[in-house]
Each structure stands twice: as structure tokens, then as C-alpha cells.
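Peer 1: Residue numbers (our numbering), protein chains in the order written: chain U, 57 to 276; chain Z, 57 to 276; chain S, 57 to 276; chain C, 57 to 276. Glycine included, each C-beta is placed from N, C-alpha and C at the ideal position.
There are 4 protein chains.
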Amino acid sequence: MDQHRTEVAFPDILAALDLPRVPQQARSRQKRDAILTAAAELFEERGYDATTADDIADAASVSIGTFYSYFRNKRQVFLTLYAASIEDILELGITEIDFATNPRQAIRETVMRALQRDKLFYSLRQAWSELLPRDPEIANYNYQINRLIYQQMLVAGRRVKAQGLTWPELDLEATCWIIVLLLDQALHNMPGPKETSRAELERHQEALINLIYHALFRTA
Amino acid sequence: MDQHRTEVAFPDILAALDLPRVPQQARSRQKRDAILTAAAELFEERGYDATTADDIADAASVSIGTFYSYFRNKRQVFLTLYAASIEDILELGITEIDFATNPRQAIRETVMRALQRDKLFYSLRQAWSELLPRDPEIANYNYQINRLIYQQMLVAGRRVKAQGLTWPELDLEATCWIIVLLLDQALHNMPGPKETSRAELERHQEALINLIYHALFRTA
Amino acid sequence: MDQHRTEVAFPDILAALDLPRVPQQARSRQKRDAILTAAAELFEERGYDATTADDIADAASVSIGTFYSYFRNKRQVFLTLYAASIEDILELGITEIDFATNPRQAIRETVMRALQRDKLFYSLRQAWSELLPRDPEIANYNYQINRLIYQQMLVAGRRVKAQGLTWPELDLEATCWIIVLLLDQALHNMPGPKETSRAELERHQEALINLIYHALFRTA
Amino acid sequence: MDQHRTEVAFPDILAALDLPRVPQQARSRQKRDAILTAAAELFEERGYDATTADDIADAASVSIGTFYSYFRNKRQVFLTLYAASIEDILELGITEIDFATNPRQAIRETVMRALQRDKLFYSLRQAWSELLPRDPEIANYNYQINRLIYQQMLVAGRRVKAQGLTWPELDLEATCWIIVLLLDQALHNMPGPKETSRAELERHQEALINLIYHALFRTA
DNA sequence: AATGAATGAGAGTTCATTCAT
DNA sequence: TATGAATGAACTCTCATTCAT
């Protein structure tokens, strides 16, 4: 894994989506928000494909013309929602975490930060997984975010590796990328198609934390 | 993770898909195969949604009427292909592997078996990822297969745990499920949206193997 | 051709279009003019259909509401522009030209007057040709103007015919109408879809003049 | 006017329109014809823009899907009709006419051939004039046909010019092009927006013939 | 068993015009 | 008088599926 590849900062990624400006007037903002809220609900309920632009306009009590004056199309509505739901990922701040003193606790914190997103994010998971495989731009967007997390992980990883805390033969780059993929999977699929109990979810999270811990650190 | 849940054997999973009978007559079999082959190629090339029933019929040099006499719809064509592409997963035979003598090598073998599928499987990955999020039956199918792998993993895991080779505090069930999810993710997304070199792919595989190894086994 | 049909004077034709009053206030007049200027430019650039009311309002730095307070619709904007562009046709003054002394030169002058319109006129040709076939009122408007030219032509024609300068068998009415149609065609389509050089254009004009000359006058 | 420009043969012009193949099966041919007939009627009645694809399908007692399986869009229906309506122009055969013995009669024949088209042609004039200004391909198509007539005219013209029958100062190329434009105008607009009587039409035609005659030939 | 013409619901999008502020 | 958000009818085109032959 080459850490010298184009380092894309987060705002650039968002900017690349070319989302419409948020209107300044209060009334317009309300309509726009009504559309977004209605869309998020329908996306969660029925999924992305099964939701039409008409459905969203109806649910938002707005005409279809208004819908198209605020958003270029259904995809852009999703993109706007997704961008909003993902902004807090910026705050991951992995590089500032101290992994040396209490590694397992530090990893727990990191994993929690990565997995605990706001309600909106979870309501969009369904739509996201429908669009991802068909939409190269969204796929790339997801990839960029994963790269961002990867790079932060790498900085912290190098520090603990230099301190001799990790397995001697560790391939830090490759391992970090695998962990990123694992977190991505966990984020989108951990509860599984079957509903899981809270207790079970916590067992899984703990296992995930331990798995990452043992992947990197030598000591039990 | 509750290992006493409905233990679904593989043939049952396949049967649940209610696939059309394979015709006995040679000529019919040929037509059916032509449709399947054409569909697999188009699914790989354009993806599932972008491939129409007409496209498949044309590519198979078969009329659209014939297409619909062999398959109820496009989805069923995919299901048939996917069922075929996944049959070899039965042969995983994790339970028969000896993880005690050379654990890392045993894990490497397991991972390789899990990741190295036939050509057909890889050509269906795109279509699979398009359908999975929209099709509860396919999602469930995928879940059942993951359960199957999980259960095999659990049998082998209990053995090595009983021998005291694993971390003492190990939550075997939860960890195995996480590993299954990781393998699923690796299977479908490891190369990532950007093309990766062969060397990089191997580094990732090795990191994956080590990660699983350290997740379970105490010794370096 | 019946020269006794309704003889429509030019101001009446314009009045029939029911154009909006020109506002008296200077600021209003400016807005109105901005709309007209912007519309003329866009009509020339993109054509009539491809120009939306929004486009015009934007280009005129005026709200769409203001646009509709000055003009009933896009069509009326065009009508206003077209009426303005065509006012100078009044000055044709064919009846005052002396066709007896130097007929060819007199015809040249007439043709030039007919073909040389102001810049605005030429910028509206595209829009005009889009609207004419769909808009009976505009078609009638065009017809009235052609009738006007025809009538002037007829007056001059009768004079030279009385002097015995024309072909003896000449059907003056019918021939004048054909000439009017020819001038109409020349006005709107002479350069043709392919770009023509200045020299070629002049050859065509000269040929047109000679053609009209020979159609009427006996002598070489 | 350069007579050495690309000489485009008629079949090439038609081929350039890329029209759909005429179906071979009788039933399909009937449906296709029903669509074409219905379209021609509606185009004449309401014009091109005011006729929708749905209107045509309805009038042809055919589903909209069927409409789109036979034609890519409304424009292609028009193109197909227009190509059919214009095929007979091939038979103009101006080059074979003897203009020397009885020039006026020969011109009369030519003009009649040029103006007397089949019923279909006249029913499409309205649609044609709506599309021409907006559709560069159709404009070019019309231009190519005019060029074709022009070239035939030129061959005949050179012959009579060589025999010394024409005006000595005649610019044959430019004059022929003007005549072509005049014929084009006559073809599409001669009756004018007001209905003309049969007698008036004949007077106009005769004037047109005389006009062309005098434009070229010296003798009365 | 095979054909492929026919169907039509439904998706996405535009834009002239209105009207509350 | 000016604004511009809001409207929604209208239009084009697609494609899974049926069914008469």
C-alpha cells in the first residue's frame, strides 16, 4: 500500500460531488429540508430504487416541479443526504489518539467512533448499498473516505510500530487496509439481515476490537 | 452468537431458490446453457440493471419468448448462475483441516479456498452486489452461506480452543462471525475500485491471513 | 391576383398585433429594453424554441415575474422585436421610383432596399422561420406585408406597362406576386445553409435583379 | 456557383437519413403503415409540434410501445414520410428535356414536374416547414435536393447557352440557383396562407413559367 | 416448443405561467 | 412594481412480460 498516493482532504471529496447550494431564504430552506427528510424516510422504508421522484415530492407535500428546482435528480438528493450524514467522519482524529499506553482501549475508542454514526447515516445504508455498485462516483467517494481513514490509521500505526509494540513481521500498510475494509463491512453489514439483540451486537463489537488489537499488538 | 439456531444444510438453501428444472432434452439443454452463458457475460460487462432480457436473448441467439419459457425472469437467470457458481463452497471442508500442527498454514489454506472461486463466480460479483441490497431472498441466501461457513469454522475453532492454543479470553462465536464477514468483504471487494497489482493483492491476502491467525492464536 | 381586396395600411397591421404599451417611466423603459435586447441575442444564438422565458429574464438581469409583467409571453417579445425590425419596410417607397429611365438600375435599388434590413432583422430571421409555420397570426402578418409590397409594385408596374416598356403579354398582377414571393425567399434564405462568400452573394443578387428585370422589361 | 462541388447522388442523401428497415412480415408492415398514415394525417391537421407520439399511436390504434419499436421517435416518422414523398423528384429528368425547340413549353413541363407532387407531399408541407428551421439535418437534406435540381438545370442551361439562345450577359450558375430557390418557395408557399382559387393558381404558375423563360431566353 | 410483435405502466424531466410576498 | 418559488400538465422513451401464431 503506497502512502504517498494523492492525499485527498475531506472537503475536496465533498466538493467533487457538486451539490446544489443550500438556499438562504427560510421558506426555501424549509422546502428543501422537507424534500430531504421525506427522501431519507422513503429511502429507508422502501430503498432507493423503489422510491420515485414523485414519491418524494408527494411525501414532502411539494410539487414535482419544486423537487426538480431544488435537486437535479433523485441521485443528487441521496448524495446531499449522504454527504451530510458522513461529515462527522472528519472528527475521527485517529492520529491524536494515544495507542501506546492502553492500546485495547484506544482501539475500542477508534472503532466506536468509526461505527457510531448518526441516525441519518443508518437510514441511508440501504440506499447507499443499492447505489454503490452501480455508481462509479459514489464508489470512488467511498473509496476516498476509506483512504482517508487508512492514512490516519497509518500515522498512528507507524508510531506504535517504532515503539516496538507491534508484531515484528507486521506488514503495516496491508494490515491497515484490511482493517479499513473490515470497518467498512462492519459499518454497513454488521447487524446482518436478521435482527440482532443489543447483547449480541456488543459481543460482535468486542470481538472486532480484539481482532484489530491482536492483528497489531504483540502482548495479550 | 447462538450456534443452536436452525442449521441449514447447503442443498436446502439451493432448493429454497426454486430454480427451474434443467431440461432433459439435449437441444433444450443447449438453449438453456446459451442463455446462461450470454447472461453471465453481459452481467459482467454491463452489470445486472444495465442488461435487459432482450440483450440476453439476443446474445444467446434465442427469441425473447424462448428466454421466458426457460426462466421466469431475469432474476431467476442470475439466481441459477449464482447457485452454480457457489456450489464449490460446499467443498470448503474446514472441519477436516488440522489447525493444531501448523495453524498459520492451515488458515492460509482456508482463506485461499474461501477466496479462490471459479471464473463464473467473479463474473457475477458485479450483478450480485447490485441485487443483494434489493433482494431479500438473495440477501438471505448469502446469509445462509455465511452461516454455513461460520458453523464449520466453529467446529474447528472449538477443537483448537480445547487444546488451549487460542487466546484465553477469546469469544469464539463472535470472532468467527466477524471473520466470516471479513472474508465476505474480501471476496467481493478486496481488489477495490482501483486496479491493484498482483503483488499488492498478495500482500493483502497475507495480511488477511495474519490477521485471522492473530485473532485466534496466542503464539507469534 | 385581385388588387381590390382589403388594402391594409401598415400601421393597421402593426396595431393588429396588440403589442404592450411602451412604458413611460425611464426605469421601466430600461427594463423593457433590456428584455428585448437579451431576447434578440438569444433568439439569434439558439433560436426561438431553444430559448426559454427564464433564459431571457436571466440574460436581461430581470426576474421572471418582471418579464411577465412587461410581456404576456415569449411570443409577444418576439412580436415586439419583429414589429420594430420591420418598420423601415414602410420606407420602401417603390411607387416614387422612376422605373422608365433606367429600369435595371431602378430595380437594383428596389431589390437592395428590400433585402438590406437592419441588424435586428437579420438576428430575428431564425426565430421568425421557427414561428411562421406554427403561428397563423405571424403568417398573416407576413402576408400583409407582402401584400403591401405587392401593391406598391403594382402601382409602379402599371405605369411602365402603360408606357409600353414591358412584355406585351405580361400578367402584371401574377408576376408581381411571384416577385414578392421571390424577394421573401431571398430575404430569408438566400445565403443558404452553407456559408457563402461575399462575392457569391453579390453574384446571386445581380442574378436576382436581372431575373426581375427580364421578367418585366422587353429590352435587353 | 461552383458546379464542381461534391455531386451527391440522390440515394446517398436518402441513405444518410438512416431510416429503419421496412419490415418484411405483412402484419408488421400493416402496423408500420398505420402509424405512417396516422402521422401524415395528424401532421397535416395539427402540424408537427402539436402532434405527440401518443396522438399518433392512438390514431393508428397501436400502443405507444409499438410506435417506439417501429420508429426511434416522432422525427424519424416524419423523415420516413418525407423521404417517401420526395422519391419521385428523382424522375425530374431535366437534362433530357429539349429546351431549344420550344423553350417556353419545355420550361412549363419542368416547372410542372417540380411543383406537381403527390398528395402525401402536400400533407407534409406544414410539418416540413416547422422542422426545417430547427433541424440542421433536414435543412441540409433540403439543400442537397436543391443542389441536385440545380445541377440538372445547369447541364440543360449550358446546352442552350452554347446554342446562343440565352441572354449574352447571363450568369448561368447564379441564375439557376435563384430559380431553384424560387421553385422551392413556390413549392412550399405558392398558394399562400389564404386559399386561392384554381384559376388564380394557374395564373401564378404561368407567371412563374414566363419569369423563368425571360430570365434565360432572349426571344419573346 | 419457439417466436417476436405488442403492450402499457411508469420513470424522469422541462418550462410557461401564476401568485403570495 | 418586483420578485422568484411553486406549480403540474405534458412529453418522450424504456423494458419486463404476455400471448397469438
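Just tell me which of C:Ile150, C:Leu171, C:Ser179 has its CA closest to the CA of phenylalanine 99 of chain C.
Peer 2: For the purposes of this step, residue 99 of chain C is identified with residue 43 of the fourth sequence, where counting begins at 1. With distances taken between Cα atoms, phenylalanine 99 of chain C lies closest to C:Ser179.
Peer 1: Please go through the segment 87 to 142 of chain U and give each complete beta strand (DSSP E) segment of 3 or more residues, from N-terminal end onward.
Peer 2: The segment 87 to 142 of chain U contains no whole beta strand (DSSP E) run of 3 or more residues.
Peer 1: Using DSSP with H/G/I as helix, E/B as strand and the rest coil, what is proline 249 of chain Z?
Peer 2: Residue mapping note: residue 249 of chain Z aligns to position 193 of the second sequence, counting from 1. At proline 249 of chain Z, the pLDDT of 44 sits below 50, so the modelled position is not reliable and the matter cannot be decided from this model.
Peer 1: For the alpha helix (DSSP H) containing asparagine 266 of chain C, list its first residue and its last residue.
Peer 2: By one-based count along the fourth sequence, residue 266 of chain C stands at place 210. Where asparagine 266 of chain C is concerned, the enclosing alpha helix (DSSP H) stretches over 254 to 272.
Peer 1: Any beta carbon from chain U within less than 9 Å of glycine 149 of chain Z's own beta carbon?
Peer 2: Here residue 149 of chain Z refers to the residue found at position 93 when the second sequence is read from its first residue. It does not; no Cβ of chain U falls within 9 Å.
Peer 1: Given that serine 117 of chain C touches chain S, what residues does it touch there, using C-beta distances under 9 Å?
Peer 2: On the fourth sequence, position 61 is the one that residue 117 of chain C refers to. The premise fails here: serine 117 of chain C is roughly 27 Å from chain S at the closest Cβ pair, so nothing lies under 9 Å.
Peer 1: Whole angstroms is fine: what's the gap from isoleucine 150 of chain U's alpha carbon to arginine 215 of chain U's?
Peer 2: Start at 1 with the first residue of the first sequence, and residue 150 of chain U comes out as number 94. Start at 1 with the first residue of the first sequence, and residue 215 of chain U comes out as number 159. Roughly 12 Å separates the two Cα atoms.
Peer 1: Could you tell me the distance, in whole angstroms, from the CA atom of glutamate 147 of chain U to the CA atom of aspartate 105 of chain C?
Peer 2: Here residue 147 of chain U is taken as the residue at index 91 of the first sequence, counted from 1. Here residue 105 of chain C is taken as the residue at index 49 of the fourth sequence, counted from 1. Cα to Cα, glutamate 147 of chain U sits roughly 56 Å from aspartate 105 of chain C.
Peer 1: Once DSSP output is grouped into helix, strand and coil, what is the label at threonine 222 of chain C?
Peer 2: If you number the fourth sequence from 1, residue 222 of chain C lands on position 166. Reduced to three states, the DSSP call for threonine 222 of chain C is strand.
Peer 1: Check whether chain C comes within 9 Å of methionine 246 of chain S, counting only Cβ atoms and requiring the distance to be less than that.
Peer 2: As a first step, residue 246 of chain S must be located in the third sequence, where it is residue number 190. At least one chain C Cβ lies under 9 Å of methionine 246 of chain S.
Peer 1: Can you say whether asparagine 261 of chain U is buried or exposed, counting buried as having 16 or more other CB atoms within 10 angstroms of its CB?
Peer 2: Taking the first sequence and counting its residues from 1, the one referred to as residue 261 of chain U is at position 205. Correcting the residue identity first, residue 261 of chain U is glutamine in this sequence and not asparagine. With 16 or more other Cβ atoms within 10 Å, it is buried.
Peer 1: Does valine 211 of chain S pass the burial test, meaning 16 or more other C-beta atoms within 10 Å, or should it be called exposed?
Peer 2: If you number the third sequence from 1, residue 211 of chain S lands on position 155. By the 10 Å Cβ count, valine 211 of chain S comes out exposed.
Peer 1: Taking the alpha carbon of tryptophan 223 of chain C as the point to measure from, which residue in C:Ile268, C:Arg203, C:Ala255, C:Ile120 has its own alpha carbon closest?
Peer 2: Here residue 223 of chain C is taken as the residue at index 167 of the fourth sequence, counted from 1. It is C:Ile268 whose Cα lies nearest to the Cα of tryptophan 223 of chain C.
Peer 1: Return the CA-CA distance between arginine 83 of chain Z and leucine 137 of chain C, expressed in angstroms with no decimal places.
Peer 2: As a working mapping, residue 83 of chain Z is identified with position 27 in the second sequence. As a working mapping, residue 137 of chain C is identified with position 81 in the fourth sequence. Their backbone Cα atoms lie some 44 Å apart in a straight line.
Peer 1: Relative to the C-alpha of lysine 130 of chain U, which candidate in U:Trp184, U:Arg164, U:Leu264 has its C-alpha closest?
Peer 2: The residue given as residue 130 of chain U occupies position 74 in the first sequence. The option with the nearest alpha carbon to lysine 130 of chain U is U:Trp184.
Peer 1: If you measure beta-carbon to beta-carbon, which residues of the segment 95 to 114 of chain U are closer than 9 Å to chain Z?
Peer 2: Against chain Z - using a Cβ distance shorter than 9 Å - the residues of the segment 95 to 114 of chain U are Gly103, Tyr104, Asp105, Ala106.
Peer 1: Taking C-beta pairs closer than 8 Å, name the residues in chain S that threonine 231 of chain C reaches, listed in chain order.
Peer 2: On the fourth sequence, position 175 is the one that residue 231 of chain C refers to. Ordered by position in chain S, the residues that pass the 8 Å Cβ test against threonine 231 of chain C are Ala263, Asn266, Leu267.
Peer 1: Three Cβ pairs or more, each shorter than 8 Å: is that satisfied between the segment 155 to 169 of chain C and the segment 103 to 117 of chain C?
Peer 2: No, because fewer than three Cβ pairs between the segment 155 to 169 of chain C and the segment 103 to 117 of chain C fall closer than 8 Å, the two stretches do not touch.
Peer 1: Can you tell me the Cβ-Cβ gap for leucine 204 of chain S and alanine 195 of chain S, rounded? I've got them flagged as a contact below 8 Å.
Peer 2: Here the question's residue 204 of chain S lines up with position 148 in the third sequence. Here the question's residue 195 of chain S lines up with position 139 in the third sequence. Contact doesn't hold; Cβ gap of about 15 Å is too wide.
Peer 1: How would you list, in chain order, the residues of chain S whose beta-carbon sits under 7 Å from the beta-carbon of serine 141 of chain C?
Peer 2: Start at 1 with the first residue of the fourth sequence, and residue 141 of chain C comes out as number 85. Within chain S, no residue comes near serine 141 of chain C; the closest Cβ sits about 17 Å away, beyond 7 Å.
Peer 1: How many Å lie between leucine 73 of chain S and phenylalanine 177 of chain C at the Cα?
Peer 2: Counted from its first residue, the third sequence places residue 73 of chain S at position 17. Counted from its first residue, the fourth sequence places residue 177 of chain C at position 121. Going by the C-alpha atoms only, they are around 32 Å apart.
Peer 1: According to DSSP, is glycine 213 of chain C part of a helix, a strand, or is it coil?
Peer 2: Position 157 of the fourth sequence, counted from the start, is the residue given in the question as residue 213 of chain C. Helix, per DSSP.
Peer 1: Quick check on this structure: which residue in U:Thr108, U:Gln81, U:Ile112, U:Ala271 has the alpha carbon closest to the alpha carbon of alanine 94 of chain U?
Peer 2: As a working note, residue 94 of chain U is residue 38 in the first sequence. Among U:Thr108, U:Gln81, U:Ile112, U:Ala271, the Cα nearest to that of alanine 94 of chain U is on U:Ile112.
Peer 1: Run down chain Z in chain order and give the residues with a C-beta less than 7 Å from the C-beta of proline 189 of chain U.
Peer 2: Mapped onto the first sequence, residue 189 of chain U falls at position 133. Going along chain Z in sequence order, the residues near proline 189 of chain U (Cβ under 7 Å) are Gln182, Ser185, Glu186.
Peer 1: I need the straight-line Cα distance from alanine 109 of chain Z to glutamine 132 of chain C, nearest angstrom please.
Peer 2: Walking along the second sequence from the start, residue 109 of chain Z turns up at place 53. Walking along the fourth sequence from the start, residue 132 of chain C turns up at place 76. Approximately 26 Å, taken between the alpha carbons.
Peer 1: In the DSSP assignment, find the unbroken alpha helix (DSSP H) run with proline 159 of chain S in it and report its ends.
Peer 2: Taking the first residue of the third sequence as position 1, residue 159 of chain S is located at position 103. Residues 159 to 171.
Peer 1: Of all Cβ atoms in chain Z, is any one closer than 9 Å to the Cβ of leucine 135 of chain U?
Peer 2: Here residue 135 of chain U is taken as the residue at index 79 of the first sequence, counted from 1. No - not a single Cβ of chain Z is within 9 Å of the one on leucine 135 of chain U.
Peer 1: Which residues in chain S have a C-beta closer than 8 Å to the C-beta of alanine 170 of chain C? List them in chain order.
Peer 2: Here residue 170 of chain C is taken as the residue at index 114 of the fourth sequence, counted from 1. The contacting residues do not exist; alanine 170 of chain C stays about 14 Å from chain S at best.
Peer 1: Can you pull the chain Z neighbours of arginine 131 of chain U, defined as C-beta to C-beta under 9 Å?
Peer 2: As a working note, residue 131 of chain U is residue 75 in the first sequence. Within 9 Å Cβ-Cβ: nothing; arginine 131 of chain U doesn't reach chain Z, min ~14 Å.
Peer 1: Measure how close the beta-carbons of isoleucine 265 of chain Z and arginine 128 of chain Z come, nearest whole angstrom, since I'm counting them as under 8 Å.
Peer 2: Mapped onto the second sequence, residue 265 of chain Z falls at position 209. Mapped onto the second sequence, residue 128 of chain Z falls at position 72. Between arginine 128 of chain Z and isoleucine 265 of chain Z the Cβ distance is about 42 Å, and since that is not below 8 Å, they are no contact.
Peer 1: What in chain C is Cβ-close to glutamine 207 of chain S, meaning under 9 Å?
Peer 2: Residue numbering aside, residue 207 of chain S sits at position 151 when the third sequence is read from its first letter. Chain C residues near glutamine 207 of chain S: none, gap ~15 Å exceeds 9 Å.
Peer 1: Less than 9 Å between the C-beta atoms of tyrosine 206 of chain U and valine 236 of chain U, yes or no?
Peer 2: Locating residue 206 of chain U in the first sequence gives position 150, where the first residue counts as 1. Locating residue 236 of chain U in the first sequence gives position 180, where the first residue counts as 1. In contact: tyrosine 206 of chain U and valine 236 of chain U (Cβ atoms closer than 9 Å).
Peer 1: What's the call for glycine 220 of chain S, buried or exposed, on a 16-neighbour Cβ count within 10 Å?
Peer 2: As a working note, residue 220 of chain S is residue 164 in the third sequence. It counts as exposed.
Peer 1: Can you list, in chain order, the residues of its chain whose CB lies under 7 Å from that of asparagine 198 of chain S, leaving out five sequence neighbours each side?
Peer 2: In the third sequence, counting from the first residue as 1, residue 198 of chain S sits at position 142. Within the same chain, asparagine 198 of chain S has close Cβ partners Leu188.
Peer 1: Along chain U, in chain order, which residues have C-beta atoms closer than 8 Å to that of alanine 271 of chain Z?
Peer 2: Counting from 1 along the second sequence, the entry for residue 271 of chain Z is found at position 215. Asn266, Leu267, His270, Ala271, listed in chain order.
Peer 1: To which residues of the same chain is methionine 246 of chain C closer than 7 Å at the C-beta, ignoring the five residues directly before and after it?
Peer 2: Counting from one through the fourth sequence, the residue named residue 246 of chain C turns up at place 190. Result list for methionine 246 of chain C: His260, in chain order.
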